[in-house]
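Taking it in order: structure first as structure tokens, then the write-up.
Protein chains: 2
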Amino acid sequence: MIKTVPTIGFIGTGVMGKSMINNLLSASYNVNIYTRTKEKAASLLHQGAVWKQSVASLARDADIIITMVGYPTDVEEVYLGPNGIIENAKPETCIIDMTTSSPALAEEIFTKASKNQLLALDAPVSGGDIGAQNGTLAIMVGGDEEVFHQVLPVFKVLGENIIWHGSAGAGQHAKLANQMTIASNMIGVCEAIVYAKKAGLDPVRVLDSITTGAAGSWSLSNLAPRMIKGDFSPGFFVKHFIKDMTIALESAQEMGIMTPGLSLSLDMYKELANMGESDSGTQALIKYFDRTF
Amino acid sequence: MIKTVPTIGFIGTGVMGKSMINNLLSASYNVNIYTRTKEKAASLLHQGAVWKQSVASLARDADIIITMVGYPTDVEEVYLGPNGIIENAKPETCIIDMTTSSPALAEEIFTKASKNQLLALDAPVSGGDIGAQNGTLAIMVGGDEEVFHQVLPVFKVLGENIIWHGSAGAGQHAKLANQMTIASNMIGVCEAIVYAKKAGLDPVRVLDSITTGAAGSWSLSNLAPRMIKGDFSPGFFVKHFIKDMTIALESAQEMGIMTPGLSLSLDMYKELANMGESDSGTQALIKYFDRTF
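First to last, the sequence lines map onto chains A and B.
According to this note's numbering, the stretch in the first sequence is residues 1 to 293, in order.
According to this note's numbering, the stretch in the second sequence is residues 1001 to 1293, in order.
Dropping the structure here:
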């Protein structure tokens, strides 16, 4: 399937996608991109990407197709729609959805792709815009293990911690486990900072005491200082975290698992969105607890 | 107050206390200890500690008194009881409670101690038995800053990350913030592992994907692998975590702060204790979610 220089069709040129495409171009891959308006792709075209005027034309002319879009509905449209990838890609094309999306949808895409001799992987990432820029994303992959090994060179351009987790949907399941872990931890981080402040302590000194021990976490080290400073600029958007937690909760419920921590966190973030914080970073959760932050 | 070689009276010779006393003896302090039964102190007496037959006699013959006991009721008895420390210590003695206990009780002890010209600090720790053994505890201190600096050489024998947080009770508040952070995080860690297992993934591979990123935490790195292996031996006892969370919740409620994550975690741990897991390590929370672990 992979020739000397495979052509990669990439859909999704947001903050993450842009950096990933740049890394693929730097690694000498041919990269075709599709965007609704060509103007938005100007900088990528300048870097050497080639613009395609439809998903269908992108799909027809690719050895590997990578998607990094927004919501499961976007994934569904771009893969399963009448002018979508599955209808138009050549047999043996490897199609990789790197969006954080529903495991059930990943399975559906895999099944439909297989009928057209397409090789589907789900491969969501963690590591954010910095990880995308530096090519250090964690990539969690589901689908056929053999196909995973075939496209591993491409994943290695994009990330560092690249793990195959099982059949179709397994990559999404792993990513949802990641988001679940964060969901409850964010509650604890906020409660501790609000408590410290109300008790009259200096929250920065409290962080100095607690970040290196058993309470330590990425969120405590990286997001708690921003909460204290009142810096709510988005590393990861509240609205995207709500999307991910919603998918995780639905998936957990389908599997009959109770996740009261996830439910509590999702409720809090929905209320936070109602407060007008959808486009803030996830550290804005502190405002749910105390609006004076 | 501190002579060339101060005499330290130490009450509380449990797992933590024993290691701390050993470190003080190694640093050439004179250490007097009190235990209800002398036999239990045999190894410490062999190391050079001197046994006292009552709290009162220990208190009368000390420059610094350190307590590391179990519950706030124990702290209350040993400090405020009729034969307790405050009634018997010499003026200018520095009295340091290192138990994780109630901030309100720490304030009460400080006030009553001051009336007898005693210098009280609250100085709970984190870092567990390993931190106590290696002298690498984090120590969170409340009380007069000047007194804190006077006894800093003693703290430096016991720990590494030693921070003064403010007036009496501030050390306890900082420690409770630590426990609050852990409380909610444990929920997320358990939910993620149960979810991964039920989704048919290998939880160990999922940890490989998620521990180094934004979901990462001390609990995920250190306790999740034990959950997966079914190793529930105590690093930190369920019953002690319940004690700490109960104090934290009471303190938060006194301050009018909502802590739904802490409440949820405490309820789960109480149910876990009802399942017979009081003497397990805190990682046993996974059994609350899934008894097959």
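Just so it is clear, CB atoms sit at the ideal spot from N, CA and C, and this is done for glycine as well.
Note that the coordinates shown come from a computational prediction; the quantities given were computed from them, not determined experimentally.
Residues are counted here when their Cβ sits less than 7 Å from a Cβ of chain A; for the segment 1193-1211 of chain B these are 1194, 1195, 1196, 1198, 1199, 1200, 1201, 1205, 1206, 1208, 1209 and 1210, given in chain order.
Residue state for residue 236/A is assigned as coil, using DSSP reduced to three classes.
Take residue 1148/B, set aside five residues on each side of it, and the residues of its chain with a beta-carbon closer than 7 Å to its own are 1121, 1141 and 1164, in chain order.
Rounded to the nearest angstrom, the Cβ distance from residue 188/A to residue 1247/B is 16 Å, too far for a contact under 8 Å. Contacts between residue 98/A and chain B, judged by CB atoms closer than 8 Å, are missing: the closest CB pair is about 14 Å apart. Scanning the segment 126-196 of chain A from its first residue to its last, the whole alpha helix (DSSP H) runs of 4-plus residues come out as 128-134 and 145-158. Out of 1287/B, 1214/B and 1083/B, the CA that lies nearest to the CA of residue 1059/B is found in 1083/B.
Just so you know, the alpha carbons of residue 236/A and residue 12/A end up roughly 17 Å apart.
Rounded to whole angstroms, the separation of the alpha carbons of residue 1243/B and residue 32/A is 60 Å. Neighbours of residue 289/A in chain B, taken as residues at a C-beta separation under 9 Å, are given in chain order as 1257, 1258 and 1259. Put simply, the CB of residue 181/A is near chain B, with a gap under 8 Å to one of its CB atoms. Distance between residue 1167/B and residue 280/A, taken at the CA atoms: about 36 Å. The beta carbon of residue 191/A falls within 8 Å of a beta carbon belonging to chain B, placing the residue at that interface. One finds nothing in chain A with a Cβ atom closer than 7 Å to the Cβ of residue 1062/B; even the nearest lies about 27 Å away.
Note on geometry: alpha-carbon atoms of residue 1015/B and residue 234/A lie some 45 Å from one another. With fewer than three CB-CB distances shorter than 8 Å, the segment 258-275 of chain A does not count as touching the segment 203-214 of chain A. Collapsing the DSSP output to three states places residue 1278/B in coil. As summarised for the segment 1033-1110 of chain B, the continuous beta strand (DSSP E) elements at least 3 residues long and confined to that stretch are 1050-1052, 1064-1067 and 1094-1097, given in chain order. Within chain B, no C-beta atom comes less than 8 Å from the C-beta of residue 109/A; the nearest is roughly 17 Å away.
For residue 1222/B, the secondary structure class from DSSP, reduced to helix, strand or coil, is helix.
Selection 156/A, 111/A, 134/A and 201/A evaluated against residue 144/A yields 111/A as nearest (Cα-Cα).
Shown here, residue 1257/B sits in coil according to DSSP, grouped into three states, outside any helix or strand. Taking the Cα of residue 29/A as reference, the smallest distance to any Cα among 65/A, 55/A and 43/A is reached at 65/A. DSSP places residue 1290/B outside any alpha helix (DSSP H), giving it a letter other than H or E. If you look at residue 1121/B, you'll find it in the beta strand (DSSP E) that goes 1119-1122.
Taking a C-beta cut-off of 8 Å against chain B, the contacting residues of the segment 140-152 of chain A are 140, listed in chain order.
Against residue 1220/B, the close residues of chain A are 181, in the order they occur along the chain (beta-carbon pairs closer than 7 Å). Residue contact check for residue 1240/B against chain A: no CB pair falls below 8 Å. Within chain A, the residues placing a beta-carbon under 9 Å from that of residue 1215/B are 126, 177, 178, 179, 180, 181, 182, 185, 217, 218 and 219, ordered along the chain. Boundaries cannot be given for residue 1213/B, as no beta strand (DSSP E) includes it and DSSP labels it neither H nor E.
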